[in-house]
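Novice: Can you read through this structure? Questions will come right after.
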Amino acid sequence: MTNSTSAGRDVRTRRAVPPMLRPGTGRNDWLAFGVGAIAVVLAFGLILARTPGMTRIDMSISVALTRLHTGAIGALGSAVYKIFSPVEAITLTALIAVAILVVSRNLRLAATFAALVAITWIPSDIVKILVHRLRPDADELPHHLTPMPTDPSYPSGHMVFVTTLVIAVVLLARGSRWSALATGLGAVVVVVVALCLVTDGVHYASDVIASIVWSLGVAPFVLELWNRYVLPRTYRL
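Next up, the structure:
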């Protein structure tokens with residue numbers, strides 16, 4: 015009787031914990047996937063930065079897409095770049111975390127959301143420094159964002175942030191009636207932002223693709239580490 019009562023309590027407790035805060039299964043696929051994504055993105059970037067032929071292919075894509083950077087499309091691209099710039103990105107993340115706290119009254123859930131975005135996004139700058147790939151040459155582009163950023167191009171911090179934010183929202187909505195909507199709209203947002211960054215001329219296509227790969231691999235890795243080793247400690251405070 016005691017065992018069945020304990021088992022029932024465990025089930026109820028697990029149901030009460032939001033899916034985003036639950037550690038995964040005992041398998042370590044998340045570890046291999048996360049480390050693999052980091053290694054692939056870094057290695058691919060080092061190869062790209064040192065292979066002129068691959069950059070020429072990338073540049074031809076940039077030239078073609080930046081022809082679209084006029085009128086409404088150009089305005090959209092410029093707005094996207096501004097909206098997801100670092101200060102705005104930090105502010106947006108903080109506002110969403112506060113909204114989560116107000117709606118759910120769950121500080122751990124709000125903190126997990128913010129930590130997932132920050133810890134996945136910020137370290138991508140280390141790859142930027144290591145790879146040090148130059149931005150597309152503005153002189154070769156028909157149209158481009160003005161002024162052009164001067165920091166390294168690979169990977170795209172904007173793209174990492176947006177993709178990670180979408181992943182965090184999808185994980186937040188997991189198990190709810192909003193799950194499918196969050197996934198569908200999130201995919202659209204990722205595609206639109208990726209195209210905007212290339213039409214802006216601020217990133218090569220390979221920059222944004224690598225950024226998406228980074229987020230898809232690193233975000234689950236970060237969340238699993240957080241849920242296994244950080245979150246349990248907060249229950250002891």
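In short: position in the sequence shown from 1, add 14, done, that's the working numbering.
All C-beta atoms, glycine included, are put in the ideal place defined by N, C-alpha and C.
Source: prediction; values computed, not measured.
1. Would you decide whether Ser229 is buried or exposed? Buried here means 16 or more other CB atoms lie within 10 Å of its CB.
2. In whole angstroms, what separates the C-alpha of Ala125 from that of Arg70?
3. Could you give the residue range of the alpha helix (DSSP H) that holds Gly59?
4. Please work out which residues of its chain come closer than 8 Å, Cβ to Cβ, to Arg242, disregarding the five sequence neighbours upstream and downstream, and give them in chain order.
5. Quick one: using the 10 Å Cβ neighbour count with 16 as the cut-off for buried, is Asp165 buried or exposed?
6. If I'm right that Leu106 touches Leu115 with Cβ under 8 Å, what's the distance once you round it to whole angstroms?
7. To which residues of the same chain is Thr213 closer than 7 Å at the C-beta, ignoring the five residues directly before and after it?
8. Helix, strand or coil, according to DSSP, for Ser225 in the structure here?
9. Tell me whether the beta-carbon of Leu245 lies closer than 8 Å to the beta-carbon of Tyr168.
10. By the three-class DSSP mapping on this structure, what secondary structure does Trp135 have?
11. Can you tell me which of the three DSSP states Pro66 falls into?
12. Three or more C-beta pairs closer than 8 Å, one from the stretch 149 to 156 and one from the stretch 214 to 226: is that the case here?
13. Pick helix, strand or coil for Phe235, following the three-state DSSP scheme.
14. Applying the 10 Å Cβ sphere with the 16-neighbour rule, what's the burial state of Pro66?
15. Quick check on DSSP: helix, strand or coil for Gly22?
16. Hey, quick one: how far does the alpha helix (DSSP H) through Thr6 stretch, first residue to last?
17. By alpha-carbon positions, which one of Glu102, Leu123 and Ile140 ends up nearest to Thr248?
18. Quick check: what's the CA-CA separation for Ala111 versus Val94?
19. For Ser190, is the classification buried or exposed, using 16 other Cβ atoms within 10 angstroms of its Cβ as the cut-off for buried?
20. Quick one: residues in its chain with C-beta nearer than 7 Å to the C-beta of Ala196, no 5 flanking neighbours on either side, listed in chain order?
21. Taking Cβ to Cβ, would you say Val77 is nearer than 8 Å to Leu155?
22. Go to Leu95, then tell me how far its alpha helix (DSSP H) extends in each direction, as first and last residue.
23. With burial defined as no fewer than 16 other Cβ atoms inside 10 Å of the residue's Cβ, what is the status of Leu211: buried or exposed?
24. Quick one: using the 10 Å Cβ neighbour count with 16 as the cut-off for buried, is Thr178 buried or exposed?
Specialist: From the atom records:
1. Classification of Ser229: buried, given that the 10 Å Cβ count is 16 or more.
2. Arg70 has its alpha-carbon roughly 43 Å from the corresponding atom of Ala125.
3. Its alpha helix (DSSP H) spans residues Asp43 to Ala63.
4. Only Pro37 meet the Cβ criterion.
5. Burial call: exposed.
6. That pair is no contact at about 15 Å.
7. Apart from sequence neighbours up to five positions away, the residues of its chain that approach Thr213 with a beta-carbon distance below 7 Å are Leu79, Thr80, Leu82, His83, Ile87 and Gly91, ordered along the chain.
8. Correct three-state label for Ser225: helix.
9. No. Outside cutoff.
10. It is helical.
11. Helix, per DSSP.
12. Verdict: yes, contact present.
13. Phe235 falls in the helix class under three-state DSSP.
14. Exposed.
15. Confidence at Gly22 is low in this model, with a pLDDT of 41, below 50, so its placement is unreliable and the value that follows should be read with caution. In the structure shown, Gly22 sits in a helix (DSSP, three-state: H, G or I).
16. The structure shown has nothing for residue 6, since the chain only spans 15 to 251.
17. Answer by Cα proximity: Leu123.
18. Approximately 21 Å between the Cα atoms of the pair.
19. Flag for Ser190 reads exposed.
20. Here the set comprises Val183, Val184 and Ala187.
21. In contact: Val77 and Leu155 (Cβ atoms closer than 8 Å).
22. In the sequence under discussion, the amino acid at residue 95 is Tyr, which differs from the Leu named in the question. Start and end: Gly85 to Ile97.
23. Buried.
24. In this structure Thr178 is buried. Its beta-carbon is surrounded by 16 or more other beta-carbon atoms within 10 angstroms.
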